[in-house]
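Number of protein chains: 2
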Amino acid sequence: MPTISDIARLAGVTATTVSNVINGNHKRVSPQTVARIQAIIQREGYVPSMAARSLKTNASKIIGVFNLIVPEESGGSFQDPFHSALLTGIELELRRSDYFMMVRTVYTAEELLEFLSNWNIDALILTGILNQGFYEQLKTQPAPFLLVDSEVHDESRMQVHLKDREGGLMATRHLISLGHERILFCGPAPMEEGVIKERLMGYRQALQEAGLPFVQERLLLSPMGIREAADLGRALALRDDFTAIFATADVLAAGIMAGLQNAGRRIPEDISVIGFDDLPVAQLTVPQLTTIRQDVVQRGRAAVRMLLSSLAGKKPDNITFPVELVQRGSTGPARR
Amino acid sequence: MPTISDIARLAGVTATTVSNVINGNHKRVSPQTVARIQAIIQREGYVPSMAARSLKTNASKIIGVFNLIVPEESGGSFQDPFHSALLTGIELELRRSDYFMMVRTVYTAEELLEFLSNWNIDALILTGILNQGFYEQLKTQPAPFLLVDSEVHDESRMQVHLKDREGGLMATRHLISLGHERILFCGPAPMEEGVIKERLMGYRQALQEAGLPFVQERLLLSPMGIREAADLGRALALRDDFTAIFATADVLAAGIMAGLQNAGRRIPEDISVIGFDDLPVAQLTVPQLTTIRQDVVQRGRAAVRMLLSSLAGKKPDNITFPVELVQRGSTGPARR
DNA sequence: TTGTAAGCGTTATCAG
DNA sequence: CTGATAACGCTTACAA
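Protein chains in written order, with numbering that gives the first Met the number 0: chain L, 0 to 335; chain G, 0 to 335.
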């Protein structure tokens, strides 16, 4: 591994000049020197050491991507297709910059803060369950951070929003328009000000518009694993007090569908199911899943763009992504 | 952010001593001093700077996880559930150590090598398509690396193997035992010495054992995306020259199943399908997917353990994981 | 346009 | 057992 001074020696200049060349400070160096040094850099395969650079500039060129989960749901966050899609977008955008990412599942605020000071991460993207206390701790550290689908509401903060309430509204209206009156809402536990809460609000609003009652027993909390969802589906096959299900995630919907079908229920003849996200998994079910589409990959890209422009000293506007109903086969007219 | 000298000053000692305390060099420091310094470290929330440490020790405490893909299949590697499961295992094991991971999708050897010199990654885990040339380049760099399901065979190398051929054998034998004689093999393009080739060998061996011919037209190459697999399934619904399918990945099997079913074919009555991996997605299909199970998460953990012990100067033994037939509903007797 | 010198936070060597 | 000092590779005033 050649160092900057190796290059300098080879070029007959000093490290300063090489540094200026590397960092595009081209006004401070004569064109010939620039060319000569660049040739040598190329030839020697020189690459600056991030460690040294980081130490000096107190910036790491690392973006941390953290998924906050409660220990109980453990098994890691990579198995969640939503998170996977987000990572895809983040990486896609990041590779156009000179930043890199460290991905980490995090259980406690302490763990996160230690990680941060360890590596002086330049910026953070956070997903998962971020409670208020955690959020307050986060504000004590200097790096800009951005929440995706977190459960904290703070308009002054960078955020990549989604029209969650509208999504819940559209999904429920769609079911109601098909004649369904008893509709289950399935999702993880909604927290104050969180996205699940928003979708739930949409659900309730649609019910209200249609003059339908909100019934507590039709509100189902469920973990997000495929296995758990399938179990839930099998359990639901025993109930008879609903004709449709709105699940707040495609994985959840797909799992529930599989469970129902394995227990002998037909979809959509017996029960209609609608999901949320339109991830690839929505194409795996039979019939294919009707769902509320969002562009998760683009949201990941947008998150990175916002953070990078924030690092460049700008103050990016918050952005809200649209949702869209995608009708496929898993929803149909309510049985009488 | 306090530094080591801040702590030293506070403790009335010098940075050296604090450093010794941090690095567990406890024989060189008196117990009282150790205790006092640790208390102060705790109180001040001091965390060592990785950048400085890395610069000094020329080791980064970073494990790189690289998925090598050809540009065409792009869209990133996080969408592949196999890779996701592997990452889960890697992270699970890594968090028990003081190493961290950087994850990166990589298209070319140059990109990888640049990344490496940039960060002086301590060790690498590589997945995806690693051709011979790439492999040779990899050997020119100093960090220990480990291949998971790569397409290069080199027994002298650290590797986390799987009984791939046996898996192919078991899958095909299972179908044959159900009376199937015309069996499709679906997977990505097999390369010399790769895992797909191995599974294919198992497939061929099982055919041979049963006195069945190997027919080129029953060898199907397919990309690994869900959408592509579903398209393939729909296309296959038009063919009538087979009664069963062995797919080399669950995603592929599930996608093909969905495509077939959406085109009106019944599974397993019309066509039997068997997958490979037993990832959560195998529970999403209806009927649930018969598959060859492997423990991907454990393979990820094993990979990390091997690398860490290699970094600790040991020479870990290569390890080969078993496979197991999991019979579920997607395979049944061949129609006559 | 180029060079000098200091310093980022840590660890390693050697001395006390 | 503890301390002084140098060095890791780089950037950045400031000087020439």
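Ideal placement from N, C-alpha and C gives every residue a C-beta, glycine not left out. Keep in mind it's a predicted model, so treat the numbers as computed, not measured.
- The continuous stretches of beta strand (DSSP E) do not include H82 of chain G, which lies in the alpha helix (DSSP H) extending over residues P80 to L93.
- With a contact defined as Cβ atoms closer than 8 Å, D277 of chain L and D249 of chain L qualify at about 7 Å.
- F213 of chain G is classed as exposed because its beta carbon has fewer than 16 other beta carbons within 10 Å across all chains shown.
- Per DSSP, the beta bridge partners of H160 of chain L are L:T319.
- Put simply, the backbone Cα of T87 of chain G is about 11 Å away from that of V303 of chain G.
- What L86 of chain L touches in chain G, judged by beta-carbon distance under 7 Å, is F77, going in chain order.
- F275 of chain G is not a Cβ neighbour of M101 of chain L, given a cutoff of 8 Å.
- Sequence-distant partners of E180 of chain L (beyond 5 residues in either direction) whose C-beta falls short of 6 Å from its own C-beta, in its chain, are L211.
- Annotation for G63 of chain G: the continuous beta strand (DSSP E) segment containing it runs I61 to L67.
- Under the Cβ criterion of 8 Å, N66 of chain L is not counted among the residues facing chain G.
- Contact residues of the stretch 266-284 of chain L toward chain G are P279, V280, Q282, L283 and T284 (C-beta to C-beta distance below 8 Å).
- Listed in chain order, the non-local C-beta contacts of N261 of chain L below 8 Å within the same chain comprise A229, G232 and R233, local neighbours out to five positions each way being set aside.
- For L220 of chain L, the number of other beta carbons within 10 angstroms of its own is below 16, and it is reported as exposed.
- Around the beta carbon of H173 of chain G, 16 or more other beta carbons sit within 10 angstroms, so the residue counts as buried.
- Here I244 of chain L carries a strand assignment [DSSP, helix/strand/coil].
- When the beta-carbon positions are compared, L54 of chain G and A50 of chain L come within less than 8 Å of each other.
- According to the DSSP assignment, I273 of chain G belongs to the beta strand (DSSP E) that extends over S271 to D276.
- Spatial neighbours of G299 of chain L in its own chain (CB-CB distance under 6 Å, excluding positions within 5 residues in sequence) are listed in chain order as L85, G88 and I89.
- By the neighbour-count criterion, in which 16 or more other beta carbons inside 10 Å mark a residue as buried, A34 of chain L falls on the exposed side.
- Contact between A257 of chain L and T284 of chain G holds, with the beta-carbon distance rounding to 7 Å and staying under 8 Å.
- Judged by DSSP in its simplified three-state form, M101 of chain L adopts strand.
- Comparing C-alpha distances from G127 of chain L to each of L:D121, L:M190, L:M157 and L:D97 shows the shortest one belongs to L:M190.
- Residue-level contact by beta carbon holds for R226 of chain L and chain G, with a gap shorter than 8 Å.
- Each residue's CA atom was taken as its position, placing H160 of chain G and P1 of chain L some 36 Å apart.
- Between I120 of chain G and I61 of chain G the beta-carbon gap is near 5 Å, inside 8 Å, which marks them as a contact.
- Using a CB distance cut-off of 8 Å, F99 of chain G counts as an interface residue toward chain L.
- Going by DSSP, G44 of chain G is part of no alpha helix (DSSP H) at all; its letter is neither H nor E.
- Rounded to whole angstroms, S155 of chain L and L125 of chain L show a C-alpha spacing of 16 Å.
- Between R217 of chain G and L183 of chain G, the CB-CB gap stays under 8 Å.
- Per DSSP, the unbroken beta strand (DSSP E) holding A122 of chain G starts and ends at A122 to G127.
- For G299 of chain G, the secondary structure class from DSSP, reduced to helix, strand or coil, is helix.
- Contact between G167 of chain G and Y134 of chain G does not hold, since their C-beta atoms are separated by about 24 Å, which reaches or exceeds 8 Å.
- Excluding its 5 nearest sequence neighbours in each direction, V280 of chain G has C-beta neighbours in its own chain below 7 Å: P80, D249, V250 and A253, listed in chain order.
- With distances taken between CA atoms, Q37 of chain L lies nearest to L:V20 out of L:V28, L:V20, L:G132 and L:A142.
- Chain-order list of chain L residues neighbouring M0 of chain G: S116, by C-beta distance under 7 Å.
- Annotation for L288 of chain G: no beta strand (DSSP E) segment contains it, and DSSP assigns it neither H nor E.
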